[in-house]
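In our numbering, the protein residues as written are 1272 to 1575.
Worksheet: the structure to be examined is printed underneath.
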């Protein structure tokens, strides 16, 4: 009697579910990494710009290179990155919240305004800018004060700076200059995101952009956005550093009194103090930020 032939059945394939990050986490992490890389890469230029904006008595502005040489000569090479630790502590959540909220706002706005791509990008960008500022502003105040007071040794770290501000100015001192910041970041972020998205479509209507194309689009978008919002950046820096040693004594009551004072004492050119430095800084920063964001996001989407 023959044995029954064995019935060979194909093995049941069980779909292996690897770990996948949720979409919001991908945007959050990608944004945080992008902000950290971009800010750290231009930190020396950021410090020079701030010193020029607030008219530092220790470092009278004589040009980008000369100011950097002066900082290195008096404080050492690493002083070019003074305040960058506070910057990184702030920029990771700042950029993470900005990119994440931009993606989320756009999803909602596309349903409300289908077909209005430019308007969606403008509103989404502006709302994202306001959201990230509100979430991380005290760390921006700390970062600026650390960068400005590096030579005087007024603060010995982030926590000491925070407690000192609260002790002398109260909790509201951590939000000095927030109104000009919001008034500046909303149009800046709106123009920044909308211009970048528009340039991407213009440069490469179909398919992915090359790294060079992304850098170009990001740099140009950043330069345009900064030009529009820059006067309010000068105002907020002066308000944030009020009362520090070896800094010009700015007695600004509010945003509008600051604008009036600058126009009266320095003319319209005073509202654009340090803009040339900012062009050198912001182009690479925004270009690196957008490029890093899209690169990290693509990697996380394919590898997790």
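Glycine residues also receive a C-beta, built at the ideal position from the N, C-alpha and C atoms.
task: Could you pull out every residue in the same chain whose Cβ sits closer than 7 Å to the Cβ of residue 1490, ignoring the five residues on either side in sequence?
output: Within the same chain, residue 1490 has close Cβ partners 1554, 1555, 1557, 1558.
query: Can at least three beta-carbon pairs, one atom from the segment 1300 to 1320 and one from the segment 1352 to 1370, be found at a separation below 8 Å?
result: yes
- prompt: What residue does the alpha helix (DSSP H) around residue 1465 start on, and which one ends it?
  reply: 1449 to 1474
message: Quick check: what's the CA-CA separation for residue 1411 versus residue 1361?
response: 7 Å
task: In the DSSP assignment, find the unbroken alpha helix (DSSP H) run with residue 1323 in it and report its ends.
output: 1314 to 1324
task: Please look up how many angstroms separate the CB atoms of residue 1486 and residue 1297, rounded, as I've assumed it's under 8 Å.
output: With a Cβ gap of about 22 Å, residue 1486 and residue 1297 do not count as contacting.
- prompt: Anyone know if the C-beta pair for residue 1389 and residue 1469 falls short of 8 Å?
  reply: Yes.
query: What's the gap between the Cα of residue 1308 and the Cα of residue 1349?
result: 17 Å
message: Relative to the C-alpha of residue 1549, which candidate in 1323, 1454, 1375 has its C-alpha closest?
response: The shortest C-alpha separation from residue 1549 is found at 1323.
First through last residue of the alpha helix (DSSP H) which encompasses residue 1339: 1335 to 1346
- prompt: Are the Cβ atoms of residue 1401 and residue 1342 separated by less than 8 Å?
  reply: no
field: C-alpha gap between residue 1499 and residue 1493, whole angstroms
entry: Answer to the nearest angstrom: the Cα atoms are 10 Å apart.
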